[in-house]
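Colleague:
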Amino acid sequence: MTADPHPPLEASRGNPAPPALSSRAGTAEERMACDVCDALQHVHDVRPGERLKCLRCGNVLLIHEGHAADTVMAGALAMVILLVSSVFLPFLQISASGLRSSASILDTALAFSTGVTAPLTLAVFMLIVVLPVARATLLLYTLLPLRLALPAFPLAKRAFRLASELRPWCMAEVFIIGVAVALVKIGAMATVSFGPAFWELTLILVIVIAESGNSGDKTLWRMLEKRIPS
Amino acid sequence: MAHAGETHPVLTAHGAGLIGCARCGRVAGHEAHICPRCGSVLADLRRDSVQKVIAWLFAGLICYIPANLYPMLETTFLGTTLKSTILGGVIDLIHHEAYFVAVVVFVASILIPSAKFALIGYLAWSIRYRVRLSEHRRTQLYEFVEFIGRWSMVDVFVVAILTALVNLGFVAGFNPGTAAFFFALSVAFTMVSALCLDPKLLWDPMRNDRDTHD
Numbered sequence: 029m030t031a032d033p034h035p036p037l038e039a040s041r042g043n044p045a046p047p048a049l050s051s052r053a054g055t056a057e058e059r060m061a062c063d064v065c066d067a068l069q070h071v072h073d074v075r076p077g078e079r080l081k082c083l084r085c086g087n088v089l090l091i092h093e094g095h096a097a098d099t100v101m102a103g104a105l106a107m108v109i110l111l112v113s114s115v116f117l118p119f120l121q122i123s124a125s126g127l128r129s130s131a132s133i134l135d136t137a138l139a140f141s142t143g144v145t146a147p148l149t150l151a152v153f154m155l156i157v158v159l160p161v162a163r164a165t166l167l168l169y170t171l172l173p174l175r176l177a178l179p180a181f182p183l184a185k186r187a188f189r190l191a192s193e194l195r196p197w198c199m200a201e202v203f204i205i206g207v208a209v210a211l212v213k214i215g216a217m218a219t220v221s222f223g224p225a226f227w228e229l230t231l232i233l234v235i236v237i238a239e240s241g242n243s244g245d246k247t248l249w250r251m252l253e254k255r256i257p258s
Numbered sequence: 013m014a015h016a017g018e019t020h021p022v023l024t025a026h027g028a029g030l031i032g033c034a035r036c037g038r039v040a041g042h043e044a045h046i047c048p049r050c051g052s053v054l055a056d057l058r059r060d061s062v063q064k065v066i067a068w069l070f071a072g073l074i075c076y077i078p079a080n081l082y083p084m085l086e087t088t089f090l091g092t093t094l095k096s097t098i099l100g101g102v103i104d105l106i107h108h109e110a111y112f113v114a115v116v117v118f119v120a121s122i123l124i125p126s127a128k129f130a131l132i133g134y135l136a137w138s139i140r141y142r143v144r145l146s147e148h149r150r151t152q153l154y155e156f157v158e159f160i161g162r163w164s165m166v167d168v169f170v171v172a173i174l175t176a177l178v179n180l181g182f183v184a185g186f187n188p189g190t191a192a193f194f195f196a197l198s199v200a201f202t203m204v205s206a207l208c209l210d211p212k213l214l215w216d217p218m219r220n221d222r223d224t225h226d
């Protein structure tokens, strides 16, 4: 709880020591507008474990830079590995009266391939696999060189912007909830067993939930501006 | 918890003659069109925001009608095919005493989409006209709508999963119905609608268009 008794323009005085990670600290009296309520306030580099909140609406403005970058990269790397490897593996298998059947993510997308629902084949594959993997790749492309203290790759800022625009359209974690609902729906009429992709998708759900509490986007944008002179 | 701003007026970026970027929070001069930090378009409280929200919302509503009228799922069991709509599917589940799944499907496919239409409509309305709910509450509502939008897609995935998984030839099988297409479109349009809503407008409705003083 970093509730601050000062009025907005005094918001962040008295945190003079910039953390070791941010190579060059921002200007001493940097101002920032809350992305939710537009309140103007002074901000500064944030120490590990600290969060800077908007004085008007409580929205988290900044967190520690290294922490923000590491969390995002860890999630992105795990996402790529788990999703790519789960595309062809079955997530559920059923057997009923001697007949067997199983489904992978690819099978699921292809389920729509006939009739009027055909465009959904592409849409489902994009939402579950292509966009989440693309987003994770863009995040790694932007952040990895910076974290290794190397010069940024070309178009790093554009890549990071695209990644944040893709965010609402990445639905790998929604898919696993769909698997759970399907599981309950047919559990009564057939014997259902879990395939390896089921556990991979469950891990993805955990990662996405962990990531959603970490609102480091503004922190990372601020870091990118400091590190990549435009 | 103590927010300093509420007793005396808060200085916003707009109030200071500046523009605050909605994505990264960078403050830029009022003449800027592109955010110098993240490259987003910096419309000063995007004037047409509310119109876009309402337009996409209507597109979503229109698609939601065929999504409910056409069958969502065709179930084949021992040679007989049963077509069920979204609501029909829920009622079937209740008949089969699968109450838990019935509730999940009802919440994901009927309650959440309807609530989304109502909430986005209400938020757009609250920007134009004065409402009782505080800015904090409405921002929470907005975050809730943004968060919940994508979860409606669950039902489309369930249809696909059942179709792919239960493929036992003559004995049992599922096929997607036309409604799946319209439902997916409806969810997508409503998501775009929520994304068009600039949450800053919830805090400073006075700045939108020529305001209605009442």
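These protein sequence lines are chains A and B, in that order.
In terms of this note's numbering, the first sequence has 213 at position 185, counting the first letter as 1, and numbering is strictly consecutive.
In terms of this note's numbering, the second sequence has 27 at position 15, counting the first letter as 1, and numbering is strictly consecutive.
We put the CB at the ideal spot given by N, CA and C, even for glycine.
Bear in mind that the values here come from a model prediction, so they are computed numbers and not experimental data.
Label A/THR55 either buried or exposed according to how many other C-beta atoms from any shown protein chain fall within 10 Å of its C-beta, with 16 as the threshold for buried.
Modeller: The predicted model places A/THR55 with a pLDDT of 48, which falls under 50 and marks its position as unreliable, so this point remains unresolved.
Colleague: Do you know offhand how far A/PHE226's Cα is from A/VAL209's?
Modeller: 13 Å
Colleague: Can you have a look at B/LEU81 and say buried or exposed, based on whether 16 or more other CB atoms are within 10 angstroms of its CB?
Modeller: exposed
Colleague: Would you please verify whether the beta carbon of A/ALA102 is less than 8 Å from any beta carbon of chain B?
Modeller: No, its Cβ sits nowhere closer than 8 Å to a Cβ of chain B.
Colleague: Is the beta carbon of B/ALA191 sitting closer than 8 Å to the one on B/PRO83?
Modeller: yes
Colleague: Cβ closer than 7 Å: which chain B residues qualify as neighbours of A/PHE203?
Modeller: PHE169
Colleague: What residues from chain B crowd round A/ILE237, counting only those whose CB sits closer than 9 Å?
Modeller: Those do not exist, as A/ILE237 stays about 12 Å from chain B at its closest Cβ, beyond 9 Å.
Colleague: For B/LYS212, would you say it is in contact with chain A, using Cβ-to-Cβ distances shorter than 8 Å as the test?
Modeller: yes
Colleague: Specify, as a first and last residue, the run of the alpha helix (DSSP H) that A/ARG250 falls within.
Modeller: 245 to 255
Colleague: Would you list the one or two residues that DSSP bridges to B/ILE31?
Modeller: Looking at the DSSP assignment, B/ILE31 forms a beta bridge with B/ALA40.
Colleague: Any contact between the stretch 194 to 212 of chain A and the stretch 120 to 136 of chain A? By contact I mean 3 or more CB pairs, one from each, below 8 Å.
Modeller: yes
Colleague: For the stretch 243 to 255 of chain A, enumerate the residues whose C-beta is nearer than 8 Å to any C-beta of chain B, in chain order.
Modeller: ASP245, LYS246, TRP249, ARG250, LEU252 and GLU253
Colleague: Between the stretch 191 to 203 of chain B and the stretch 119 to 133 of chain B, do at least 3 Cβ pairs fall closer than 8 Å?
Modeller: yes
Colleague: Thinking C-beta only, is A/ARG250 closer than 8 Å to A/LEU148?
Modeller: no
Colleague: Beta-carbon of A/ARG79 versus every beta-carbon of chain B: anything under 8 Å?
Modeller: no
Colleague: When you measure from the CB of A/LEU120 to every non-hydrogen atom of the ligand ZN, does any distance come out below 7 Å?
Modeller: This structure lacks the ligand ZN, and indeed carries no ligand of any kind.
Colleague: By DSSP's criteria, B/LYS95 is part of a beta bridge. Which residues make up the other side?
Modeller: Answer by DSSP bridge pairing, in chain order: B/GLU86.
Colleague: Per DSSP, A/LEU80 forms a beta bridge with which residues?
Modeller: DSSP links A/LEU80 through a beta bridge to A/LEU90.
Colleague: Quick check for students: name the residue ranges of the beta strand (DSSP E) that lie wholly in the stretch 153 to 196 of chain B, counting only runs of 3 or more.
Modeller: 184 to 188
Colleague: Would you mind telling me which residues of chain A sit closer than 7 Å to B/ILE173, beta carbon to beta carbon, in chain order?
Modeller: Residues of chain A passing the Cβ test: ALA131, THR136, GLY206, VAL207 and ALA210.
Colleague: Below 7 Å on C-beta distance, what does B/THR162 contact in chain A?
Modeller: Residue 162 of chain B is actually Arg in this sequence, not Thr. The answer, in chain order, is PRO196, MET199 and VAL202.
Colleague: Kindly indicate if chain B contains any beta-carbon less than 8 Å away from that of A/THR170.
Modeller: Output row for A/THR170: interface = no.
Colleague: Hey, could you find the ends of the alpha helix (DSSP H) A/THR230 is sitting in?
Modeller: Run containing A/THR230: 224 to 240, per the alpha helix (DSSP H) assignment.
Colleague: Enumerate in chain order the residues of its own chain whose CB-to-CB distance from A/CYS65 is below 6 Å, with the five nearest sequence positions on each side excluded.
Modeller: ARG84 and CYS85
Colleague: Using the beta-carbon of each residue, which ones in chain A are nearer than 8 Å to B/ALA192?
Modeller: The contacting residues are PHE140, THR145 and LEU148.
Colleague: Do the stretch 21 to 28 of chain B and the stretch 108 to 122 of chain A meet, that is, are 3 or more Cβ pairs less than 8 Å apart?
Modeller: Counting Cβ pairs under 8 Å, fewer than three are found: no touch.
Colleague: Considering only residues of the same chain and omitting the five flanking positions on each side of B/ARG35, which have a CB-CB separation below 8 Å?
Modeller: CYS47, CYS50 and SER52
Colleague: Can you give me the Cβ contacts of B/SER121 inside the same chain, cut-off strictly under 6 Å, excluding the 5 residues immediately before and after it?
Modeller: ILE98 and ASP167
Colleague: Using a Cβ-Cβ cut-off of less than 9 Å, list which residues of the stretch 132 to 151 of chain B approach chain A; keep chain order.
Modeller: GLU147, HIS148 and THR151
Colleague: Ends of the alpha helix (DSSP H) at B/SER138?
Modeller: 124 to 140
Colleague: Under the three-state reduction of DSSP, which class applies to B/HIS45: helix, strand or coil?
Modeller: Look at B/HIS45 here: in three-state DSSP terms it is coil, with no helix or strand label.
Colleague: Below 8 Å on the Cβ atoms is my guess for B/PHE186 versus B/THR87; work out the distance and round it to an integer in Å.
Modeller: 6 Å
Colleague: Sorted by chain position, which residues of the same chain lie with C-beta nearer than 7 Å to B/ILE160's C-beta, five sequence neighbours on each side aside?
Modeller: The answer, listed in chain order, is ILE124 and LYS128.
Colleague: Determine the DSSP secondary structure at A/PRO118, reduced to helix, strand or coil.
Modeller: strand
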